[in-house]
């Protein structure tokens, strides 16, 4: 089985590179675990303490293998969806008032799999952090989305981008807090360092006042 395990990992790598369809990977892993389960059922264990210990140990191994397989499959999904989200983001310009393909894709992903969406949402902005133009557009898109979809992941996005060296990224970060109209975000804005650019600092203060007025 060790050789088969290596084979699964090789297939997983090919799935990530789009060389093998995800469905084929699922078939292979299911076959592997079904075969493994059949081996446990057909094995003849002698009824004594050491045999019982062996059965418990083997069951634990199956649990770990299943857990590892789930993690691999999830990461493969994340990589694929991340690739799609970045393709959309980098192929379109954000126009205020218009819904982007990136937003539609992310919201659709949230409806299908919330955990997958949250992971992809976070990885998108981390992967483009040093590309201000893309990062600004992503902030604008996030600001247009329902805050409840992202919650603390959205907070981390804004707090991380507020420390960016690009002043337009800083502005876009504050703008997101303003757009979500969540009074609790006033405390986040207060905790930020004072911005060097006066107009950005003035914007931060006015947004704090606006959010506090909503309480």
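Residue numbers (the numbering used here): 534 to 748.
Think of the CB as a built atom: it goes at the ideal place given N, C-alpha and C, for glycine as much as any other residue.
Extent of the continuous alpha helix (DSSP H) to which residue i belongs
| i | result |
| --- | --- |
| residue 742 | 731-745 |
| residue 693 | 685-695 |
| residue 631 | First-last for residue 631: undefined, no H or E at that position. |
| residue 707 | 700-713 |
Test item: CB-CB of residue i and residue j under 9 Å
| i | j | result |
| --- | --- | --- |
| residue 690 | residue 713 | no |
| residue 705 | residue 676 | yes |
| residue 696 | residue 726 | yes |
| residue 616 | residue 625 | no |
| residue 747 | residue 716 | yes |
| residue 667 | residue 639 | no |
| residue 627 | residue 674 | yes |
| residue 653 | residue 614 | yes |
| residue 601 | residue 646 | no |
| residue 700 | residue 730 | yes |
| residue 607 | residue 664 | no |
| residue 682 | residue 708 | no |
Coil, strand or helix - residue i by DSSP
| i | result |
| --- | --- |
| residue 670 | helix |
| residue 640 | helix |
| residue 625 | coil |
| residue 726 | coil |
| residue 661 | coil |
| residue 646 | coil |
| residue 616 | helix |
| residue 681 | helix |
| residue 652 | helix |
| residue 545 | Because residue 545 carries a pLDDT of 48, less than 50, the predicted location of this residue cannot be relied on, and no value is offered for it. |
| residue 604 | helix |
| residue 574 | Residue placement at residue 574 is flagged as unreliable, the pLDDT there being 47, under the threshold of 50; a coordinate-derived value is accordingly withheld. |
Anticipated Cβ contact below 8 Å, residue i with residue j, distance rounded
| i | j | result |
| --- | --- | --- |
| residue 702 | residue 669 | 6 Å |
| residue 660 | residue 650 | Not really, about 16 Å apart at Cβ, beyond 8 Å. |
| residue 721 | residue 710 | 7 Å |
| residue 678 | residue 636 | 6 Å |
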